[in-house]
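There are 2 protein chains.
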Amino acid sequence: MAAGMSVQATVIEKEARRKAEVVGVNVILRLLCLITTVTALSLMVTAKQDSTISVFGLSLPVQSKWSFSDSFQYVVGVTAAVAFHSFVQLLYNIPMILRKSPVISSRNYLWLLFAVDQLLAYALMSAGSAASGVTNLNRTGIHHSALPNFCKPLSHFCNRVAVSIGFTFLSWLLLAAATVADVVWLSKH
Amino acid sequence: MAAGMSVQATVIEKEARRKAEVVGVNVILRLLCLITTVTALSLMVTAKQDSTISVFGLSLPVQSKWSFSDSFQYVVGVTAAVAFHSFVQLLYNIPMILRKSPVISSRNYLWLLFAVDQLLAYALMSAGSAASGVTNLNRTGIHHSALPNFCKPLSHFCNRVAVSIGFTFLSWLLLAAATVADVVWLSKH
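Protein sequences appear in the order of chains A and B. Taking UniProt numbering, I'd label the letters of the first sequence as residues 1 to 189. Taking UniProt numbering, I'd label the letters of the second sequence as residues 1 to 189.
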């Protein structure tokens with residue numbers, strides 16, 4: 001009887017350790033993801049610069065702001081959504097750490113989490129790529145024709161946007177890791 | 001004994017039906033994905049047009065070709081990789097249909113398939129978004145400055161690229177579905 005109870009205790013202990021690991025991984029990923037998305041978001045919405053460029057000898061005033069480009073607006077929308085999702089997941093996990101209650105309530109919840117993580121990861125990848133396609137075009141000029149390099153007069157703007165895009169890709173990496181973690185838990189559940 | 005054998009036969013039958021379903025879903029998804037990626041690829045590599053645009057009263061010769069844009073080169077690379085992957089998966093599945101042998105050999109193979117599908121789905125989303133960011137810029141002109149709309153003189157080129165990008169997103173949708181199917185099998189395996 002005593003031996004049986006000790007075996008049961010070991011099983012419960014192992015289960016508790018496994019759950020603690022799951023919560024740990026989840027909380028760390030969500031926290032990092034919240035930090036990177038908030039950084040990307042705040043860098044992007046503060047990106048703004050006025051300057052002049054000369055095309056064919058004409059001096060043109062150029063004003064650059066994140067909201068002039070659809071791609072940069074898209075980055076702002078997606079990083080805000082991911083930041084919100086990460087924050088909600090953190091809130092959801094914190095009472096579980098304090099009370100040490102079961103982490104993931106049901107298989108359905110895990111499927112929902114996987115679906116949301118997956119969709120947001122695709123959206124982050126999409127926003128990052130669309131924005132870097134546009135910035136790359138700004139930086140190198142347009143190949144079709146002899147147009148000037150916009151990033152020379154607007155270097156402050158372009159650098160800020162580039163760092164913001166870097167953080168967007170970092171958030172994607174973290175969310176992709178969260179998706180894999182979801183699948184591991186789904187396959188073990 | 002006879003009842004036991006009949007129960008066993010039903011179980012085997014059910015298992016065989018489940019496997020047939022798995023092969024069916026996999027083959028249909030891979031086949032559709034192969035068709036859409038090959039379409040996207042062939043439309044993109046044949047996109048080429050010469051024209052002239054006028055900027056500030058100056059007439060400039062414009063030559064447009066898919067290989068002038070990094071984003072379009074990226075679409076070509078990714079769709080080629082996905083077409084190859086889909087083709088290999090089809091080849092892998094066909095003998096299984098004919099011989100009705102077990103579909104997926106091992107859990108490790110499923111994890112590998114999930115990883116490859118996931119990475120290629122991200123790559124397709126990334127390529128499609130980068131390319132549509134660039135085409136959108138071509139179509140609307142650049143907001144920073146009073147630059148012309150490139151897609152008026154180059155409508156043939158722009159339409160072909162747009163259709164190719166559409167097929168790239170369709171391929172992404174199919175590959176995302178294949179990823180979900182992988183996770184379902186992983187969670188059941």
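No residue lacks a Cβ here, since even glycine has one placed at the ideal position from N, Cα and C. Given the structure is predicted, the values throughout are model-derived calculations rather than measurements.
Check	Outcome
Report the rounded CA-to-CA distance for residue 78/B versus residue 188/B, giving the unit in angstroms.	31 Å
Please decide whether residue 120/B counts as near chain A, where near means a Cβ-Cβ distance under 7 Å.	no
Would you give the residue range spanned by the beta strand (DSSP E) that residue 65/B belongs to?	58–65
Determine, using beta carbons only, whether residue 130/A comes closer than 7 Å to chain B.	yes
Check whether the segment 150–160 of chain B touches the segment 108–120 of chain B, taking contact to mean three or more Cβ pairs, one atom from each stretch, closer than 8 Å.	no
Hey, is residue 64/A close to the ligand MG, as in C-beta under 6 Å from one of its heavy atoms?	With respect to small molecules bound, the structure shown includes none, and the ligand MG cannot be examined in it.
According to the neighbour-count rule (16 or more other Cβ atoms, all chains shown, within 10 Å of its Cβ), is residue 117/A buried or exposed?	buried
Does the beta carbon of residue 32/B come closer than 7 Å to any beta carbon on chain A?	no
List, in order along the chain, the chain A residues whose C-beta lies closer than 8 Å to that of residue 186/B?	183, 186, 187
Determine which residues of the segment 75–95 of chain A have a Cβ less than 8 Å from any Cβ of chain B, and write them out in chain order.	none
Per DSSP, residue 50/B is paired with what?	63/B
Run down chain B in chain order and give the residues with a C-beta less than 8 Å from the C-beta of residue 167/A.	Chain B residues near residue 167/A: none, gap ~16 Å exceeds 8 Å.
Here's the rule I'm using: 16 or more other beta-carbon atoms within 10 Å means buried, otherwise exposed. How should residue 84/A be labelled?	exposed
Kindly indicate if chain A contains any beta-carbon less than 7 Å away from that of residue 125/B.	yes
Please go through the same chain and pick out, in chain order, the residues whose beta-carbon is closer than 8 Å to the beta-carbon of residue 179/A, but skip the five residues on each side of it.	114, 117, 118, 121
On the three-state DSSP scale, how would you describe residue 14/B?	helix
Counting pairs of beta carbons, one from the segment 23–36 of chain B and one from the segment 81–98 of chain B, are three or more of them closer than 8 Å?	yes
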